[in-house]
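Residue numbers for the sequence shown follow the working numbering, beginning at 8 and rising by one.
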Amino acid sequence: MVAVGKYLQTLPYVNPKDLTIWGWSYGGFMSSLCLMKGEGVFTSAISVAPVMHWRFYDSVYTERYMRTPKENPEGYNANSPLENYEKLQNRRYNYLIVHGTADDNVHIQNTYALTDKMVAKNIPFQMHIYTDKNHGIYGGKTRLHLYEKFMEFLENRKYVE
């Protein structure tokens, strides 16, 4: 994804200093990690229902690819926003994290664990929580509200030099 971002920066109609990435679930994990470890390619990220550390996710799925945390601690930590968030310290960026409190796929514990650490280090972010909404964050006008939240974030984000 970082390579794609670097390619986009070469296009004449793209502002190379203003790239946003967004994702949901695994994509939320990737957008967070790209903001943190992506060499400054992305200046903004929207991360919805993100896995912030694979030790919090379904062990059957995770261990199929990564083995257990005991067998592969380096793999779990190297690929965890929860272990890489400090790379945002002293950087200019825009970061929106969104989660539903009833998410039974990616538990909200993921978001709470990261935001607690970021607050403790005074690392800025924006967060929006949908009470009693699951992984899909839908029902009633919820999805419309979510996409309006995306637009508000994109329209009001600080330009990063």
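C-beta atoms are modelled at their ideal positions from N, C-alpha and C, and glycine is treated no differently. Remember, it's a predicted structure, so these values are computed and weren't measured experimentally.
Since residue i contacts residue j with CB under 8 Å, what's their CB separation in whole angstroms?
{"i": "HIS128", "j": "GLU93", "result": "According to the sequence as given, residue 128 is Lys; it is not His. Confirmed, Cβ separation roughly 7 Å."}
{"i": "SER39", "j": "PRO80", "result": "The pair is not a contact, with the Cβ atoms about 20 Å apart (cut-off 8 Å)."}
{"i": "GLN133", "j": "LEU103", "result": "5 Å"}
{"i": "GLY35", "j": "PRO57", "result": "3 Å"}
Rounded to whole angstroms, what's the CA-CA distance from residue i to residue j? Just pull it up for me.
{"i": "HIS114", "j": "VAL9", "result": "27 Å"}
{"i": "LYS5", "j": "CYS41", "result": "The displayed coordinates of the chain run from 8 to 168. Any statement about residue 5 would go beyond what the structure contains."}
{"i": "GLU70", "j": "TRP31", "result": "21 Å"}
{"i": "VAL55", "j": "PHE160", "result": "13 Å"}
{"i": "THR122", "j": "ARG74", "result": "27 Å"}
{"i": "LEU95", "j": "LYS148", "result": "33 Å"}
{"i": "GLU46", "j": "MET37", "result": "14 Å"}
{"i": "TYR68", "j": "TYR33", "result": "12 Å"}
{"i": "VAL126", "j": "GLY146", "result": "30 Å"}
{"i": "ASN97", "j": "GLY143", "result": "33 Å"}
Tell me whether residue i is buried or exposed, calling it buried when 16 or more other Cβ atoms sit within 10 Å of its Cβ.
{"i": "VAL105", "result": "buried"}
{"i": "MET158", "result": "exposed"}
{"i": "VAL11", "result": "exposed"}
I'd like to know if the stretch 11-19 and the stretch 56-67 are in contact, where contact means that at least 3 CB-CB pairs between them fall below 8 Å. no
contact_flag[the stretch 135-152, the stretch 104-112] where n(CB pairs < 8 Å) is 3 or more: yes
Per the contact definition of three or more C-beta pairs closer than 8 Å, is the stretch 21-34 in contact with the stretch 42-52? yes
Could you tell me which uninterrupted alpha helix (DSSP H) segments, each at least 4 residues in length, are contained entirely in the stretch 48-116, listed from first to last along the chain? 66-73, 80-85 and 88-91
Within the stretch 130-155, ranges of the beta strand (DSSP E) (whole runs, at least 3 residues): 133-137
Give, in chain order, every unbroken run of the beta strand (DSSP E) that is at least 3 residues long and sits entirely within the stretch 15-46. 27-31
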